[in-house]
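Just so you know, the protein sequences line up as chains A and B, in that order. In terms of the numbering used here, the first sequence opens at residue 662 and continues consecutively. In terms of the numbering used here, the second sequence opens at residue 1356 and continues consecutively. This report concerns only the one structure given below.
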Amino acid sequence: MFRPTTPAELAEAVELAFDYRGDVTLVLTSGEPIVGYLFNREAAGPKPLLQVFPESGGMREVAYTEVASIAFSGEDTASGNSWEAWVTKKESERKAEAQRAETDARARGHL
Amino acid sequence: MAVPVSQMYTVAKYVLTQQLKGVKRYPLVLMLEPLFRCNLACAGCGKIQYPDHVLDKHLTPEQCWAAADECGAPIVSIPGGEPLIHPGMAEIVRGLAERKKYIYVCTNAILLERKLDEYTPSKYLTFSIHMDGLRDEHDLAVCRDGVYDVALKAIREALKRGHRVTTNTTLFDDASPERVRKFFDEMMELGVEGMMISPGYSYQKAPDQKNFLKRNKTRELFAKILGNRKRGWRFNQSPLFLEFLMGRRDYQCTPWGNPTYNVFGWQKPCYLLQEGYANTFKELMDATEWDRYGTGRNEKCADCMVHCGYEASAVADTFGSWSGFGRTVKVTLSPNAR
């Protein structure tokens, strides 16, 4: 968990959160936690803002000055899934993984 | 003829009008991403790595139509995610066709055959089927066996019903020119209207970061694939863009050529880079520092030769001067002439 102590540290933490492909947990200076996907930020200008899609729905805009801490709490959805790993996997593992993805898509009615 | 005359006329009229008006930057193709959810999980794709609650978000038909109106581009390409998962896709397409937009629904075709009843054949609608090569290469690229055959069956059915069908192919550094040429033969035999090809882009967030083409290798590969081109091959893209891929012409990127709108807003600066989002198309065009992007200007753009940045440059070349137009006619009529 990052607890930025300066505006520069805060800006850096927000950039890292913007680049992260998973949910983050923001705790505001009011004590309110927001768990969600930080999809945009506007660091320039007189009142820097960030935009989050909370896990619970809707969209929140939060001023940088309201952020007390940022934690990378959700799974990074891009990690541990390389092409190289896919190619070098045993046929049986590859089939099992493909089957899992297929089952998930089928459960959602997408196949 | 790979692109119908009415579509060529619309694009030519649009581009010439922009140029006569002195508009410096204008969009050519709106990249509309109504959802990120996909029913495949290809290792080379950097578009679907989001938490579930983000993947569950959809643009509404009204949001899609408003984006098309706001942008004004004559062509709307609908990638994703897999667009046919969107419950309102047929309605979105109808609304865009009413606006006389030429629409490319970019699909892996897994759901296509089942959904075809929802779509009426139209000159405005093209199903652009994701095909990354022959059976072995395609199924490997999409990380699922059997998808090639499903797509082939869907293409046949769509063609039978009178739909416009093209293919879109992304090539990575393991592509075999001979196999790709054989793939072109197979797609032409199938009867698709035309093919679209592009090198892959190394998405910052894609799981696969090792198999993307570097610029010189891209030129070498495409020169081998497209050199000594067979007369029967038809490509649904600018002939000068193909020349660019082969290293016969050089262009600077036109990052505003294919603006992208999705559940986050208007993506800055382009379809491939995600440096933030604008609330309106005007804000995207006015507030983006365009000179920061393109080969030689930004390390993220160093190796990119992707259609979404360079096809608009090729089209601008065609309509920018009589010599550009002449070049286009020449390579269209004699693609193998030097």
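Cβ coordinates follow ideal geometry from the N, Cα and C atoms, glycine included.
For threonine 1673 of chain B, the enclosing alpha helix (DSSP H) begins and ends at 1662–1675. Neighbours of alanine 1396 of chain B across chain A, judged by C-beta separation under 7 Å: Ala762. In terms of Cα proximity to glycine 1675 of chain B, the closest of B:Gln1374, B:Pro1416, B:Glu1630, B:Asp1494 is B:Gln1374.
Taking a C-beta cut-off of 7 Å against chain A, the contacting residues of the stretch 1498–1511 of chain B are Cys1498, Arg1499, Asp1500, listed in chain order.
Annotation for cysteine 1498 of chain B: no alpha helix (DSSP H) segment contains it, and DSSP assigns it neither H nor E. Looking at the DSSP output, tryptophan 1611 of chain B shares a beta bridge with no other residue. The beta carbons of leucine 1466 of chain B and phenylalanine 1482 of chain B sit no closer together than 8 Å. Not a single C-beta of chain A is nearer than 8 Å to the C-beta of glutamine 1418 of chain B. Taken through DSSP and simplified to helix, strand or coil, phenylalanine 1482 of chain B comes out as strand. One thing to note: glycine 1435 of chain B has its Cβ no nearer than 8 Å to the Cβ of glutamate 1473 of chain B. In this structure the stretch 1575–1584 of chain B does not touch the stretch 1409–1425 of chain B; the number of beta carbon pairs closer than 8 Å is below three. Per DSSP, the continuous beta strand (DSSP E) segment holding tryptophan 1621 of chain B begins and ends at 1620–1624.
Straight through space, the alpha carbons of glycine 1612 of chain B and cysteine 1663 of chain B are spaced by roughly 7 Å.
Excluding sequence positions up to five before and after methionine 1550 of chain B, its CB lies within less than 6 Å of the CB of Thr1522, Met1542, Phe1590, all in the same chain and listed in chain order. Setting aside the 5 residues that flank it on each side, alanine 766 of chain A is surrounded in the same chain by Leu772, each with a C-beta closer than 6 Å to its C-beta; the list follows chain order. A residue is called buried when at least 16 other Cβ atoms come within 10 angstroms of its Cβ; glycine 683 of chain A meets this threshold and is buried.
Here DSSP, grouped into helix, strand and coil, assigns phenylalanine 700 of chain A to strand. Annotation: Cβ neighbours of glycine 683 of chain A in chain B (cutoff 7 Å, chain order): Pro1406. The DSSP assignment places complete alpha helix (DSSP H) segments of no fewer than 4 residues inside the stretch 1495–1554 of chain B at 1502–1515, 1532–1545, in order along the chain. About 6 Å separates the CB atoms of leucine 1489 of chain B and arginine 1534 of chain B; that is less than 8 Å, so the two are in contact. Any Cβ of chain A closer than 8 Å to the Cβ of isoleucine 1440 of chain B would place that residue at the interface, and such an atom is present. Considering only beta carbons, the part of the stretch 720–738 of chain A lying closer than 9 Å to chain B consists of Gly735, Glu736, Asp737, Thr738, in chain order. Excluding sequence positions up to five before and after glycine 1649 of chain B, its CB lies within less than 6 Å of the CB of Gln1607, Cys1608, Cys1656, all in the same chain and listed in chain order. At a beta-carbon threshold of 7 Å, the residues of chain A lying near valine 1409 of chain B are Tyr698, Phe714, ordered along the chain.
Ranked by Cα distance from leucine 699 of chain A, the options A:Glu716, A:Gln760, A:Arg769 are led by A:Glu716. When Cβ-Cβ separations below 8 Å define contact, alanine 766 of chain A makes contact with chain B.
Using beta-carbon distances, isoleucine 1433 of chain B does not count as an interface residue toward chain A, since no partner is under 8 Å. Taken in chain order, the unbroken stretches of alpha helix (DSSP H) that lie wholly in the stretch 1399–1447 of chain B and span 4 residues or more are 1407–1410, 1416–1426.
Contact between the stretch 1635–1645 of chain B and the stretch 1613–1626 of chain B is present, with at least three C-beta pairs closer than 8 Å.
Within the DSSP bridge table, the entry for alanine 1633 of chain B names B:Trp1621 as partners.
The three-state secondary structure of leucine 687 of chain A, taken from DSSP, is strand. Leucine 689 of chain A and alanine 732 of chain A do not touch by the CB rule: their CB atoms are close to 13 Å apart, not below 8 Å.
Here DSSP, grouped into helix, strand and coil, assigns alanine 724 of chain A to strand. Rounded to whole angstroms, glutamine 1592 of chain B and serine 1477 of chain B show a C-alpha spacing of 19 Å.
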